[in-house]
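Numbering-wise, the sequence shown is residues 359 to 566 according to this note's numbering.
Ideal placement from N, C-alpha and C gives every residue a C-beta, glycine not left out.
Following: one structure in structure tokens, then a few remarks.
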Amino acid sequence: MEVELEAKKHWEHVYESKPSDAVSWYQPHALRSLDLIRRVAPSLGARVLDVGAGASTLVDDLLDAGMTQLSVLDISASALRVARERLGARAGQVRWIEGDITTVPLEPGSVDVWHDRAVFHFLTEPAERAAYVAQVRRAVRPGGHVIVAAFGPDGPLQCSGLPVVRYAPGELHAQFGEAFELVEHQSEDHRTPSGAIQHFVYCLCVVH
Ligand SMILES: C[S@@+](CC[C@H](N)C(=O)[O-])C[C@H]1O[C@@H](n2cnc3c(N)ncnc32)[C@H](O)[C@@H]1O
Numbered sequence: 359m360e361v362e363l364e365a366k367k368h369w370e371h372v373y374e375s376k377p378s379d380a381v382s383w384y385q386p387h388a389l390r391s392l393d394l395i396r397r398v399a400p401s402l403g404a405r406v407l408d409v410g411a412g413a414s415t416l417v418d419d420l421l422d423a424g425m426t427q428l429s430v431l432d433i434s435a436s437a438l439r440v441a442r443e444r445l446g447a448r449a450g451q452v453r454w455i456e457g458d459i460t461t462v463p464l465e466p467g468s469v470d471v472w473h474d475r476a477v478f479h480f481l482t483e484p485a486e487r488a489a490y491v492a493q494v495r496r497a498v499r500p501g502g503h504v505i506v507a508a509f510g511p512d513g514p515l516q517c518s519g520l521p522v523v524r525y526a527p528g529e530l531h532a533q534f535g536e537a538f539e540l541v542e543h544q545s546e547d548h549r550t551p552s553g554a555i556q557h558f559v560y561c562l563c564v565v566h
């Protein structure tokens with residue numbers, strides 16, 4: 359619980375002290391995520407959960423694409439506020455969830471597409487990762503999809519001053535277990551606002 363509070367404090371401070379387009383993970387458009395989600399979402403009404411979304415513009419682009427059942431979850435209320443304010447009246451079309459992904463209550467089978475860019479890699483303790491995987495298994499319906507992007511083997515050792523775990527595609531997939539079939543993986547060189555290159559691995563899995 360104390361660790362959870364520390365994490366919340368850290369992330370609230372990040373979003374209160376930096377413009378959302380200045381953080382290292384900023385993307386004007388999350389094009390790779392957008393493409394993967396649109397490819398696997400069975401319809402525009404597919405229930406998409408963006409986990410640890412921060413102030414990402416992914417939700418804006420998913421709304422623009424016509425998607426109607428979007429949920430955005432983050433541990434930081436400040437991050438969610440930034441995204442809501444940017445969306446203005448359209449924010450009302452989105453479900454906003456403030457909580458820690460390892461503990462927040464999620465309705466069983468309530469998600470068709472789970473998306474996480476740069477959140478799972480912060481879980482450095484096996485127990486936190488097990489709790490995360492249990493959440494995915496509970497929340498994503500059988501036949502649903504999971505997209506997780508984490509720093510790759512050549513990625514940084516830290517993000518936002520916090521330690522991370524880096525994964526090759528097979529290692530990332532192995533964290534999830536047999537119920538998750540790896541459909542494809544991609545790698546991406548993300549350019550941060552300050553011009554550094556960060557190597558990401560994206561895994562797309564279907565849940566059985
Ligand atoms: C590196 S940022 C990535 C944000 C966004 N996914 C993107 O790609 O722009 C990590 C995000 O995860 C959130 N976060 C960190 N730990 C979390 C947790 N345990 N539960 C929910 N959100 C968390 C942070 O507040 C932050 O917004």
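(message) Alpha carbons only, please: which of ARG390, GLN556, ILE433, PRO527 is nearest the one belonging to ASP547?
(response) The shortest Cα separation from ASP547 among ARG390, GLN556, ILE433, PRO527 belongs to GLN556.
(request) Starting from PHE538, follow its DSSP beta bridges and name the residues at the other end. (result) The beta-bridge partner set that DSSP reports for PHE538 consists of VAL565.
(request) Could you work out which residue in VAL372, ARG397, THR460, ASP393 is closest to GLU362 when comparing CA atoms only? (result) When each option's Cα is compared against that of GLU362, the closest is THR460.
(message) Need the endpoints of the alpha helix (DSSP H) that ARG444 sits in, please.
(response) First-last of the alpha helix (DSSP H) with ARG444: 435-445.
(request) State the Cα-Cα distance for the pair ALA441 and ALA532, rounded to the nearest angstrom. (result) Distance between the alpha carbons of ALA441 and ALA532 is about 32 angstroms.
(message) Rounding to the nearest angstrom, what Cα-Cα distance links GLN427 and VAL406 in this structure?
(response) Rounded to whole angstroms, GLN427 to VAL406 spans 6 angstroms at the Cα level.
(request) Could I get the ranges of all uninterrupted beta strand (DSSP E) runs contained in the stretch 463-503, with 3 residues as the minimum, in chain order? (result) Runs found: 469-475.
(message) Excluding the 5 residues flanking ALA411 on each side, which residues of the same chain have their C-beta closer than 6 angstroms to its C-beta?
(response) Here the set comprises VAL430, ASP432.
(request) Out of PRO377, ALA413, ALA404, TYR384, state which residue places its alpha-carbon closest to the alpha-carbon of ALA423. (result) The shortest C-alpha separation from ALA423 is found at ALA404.
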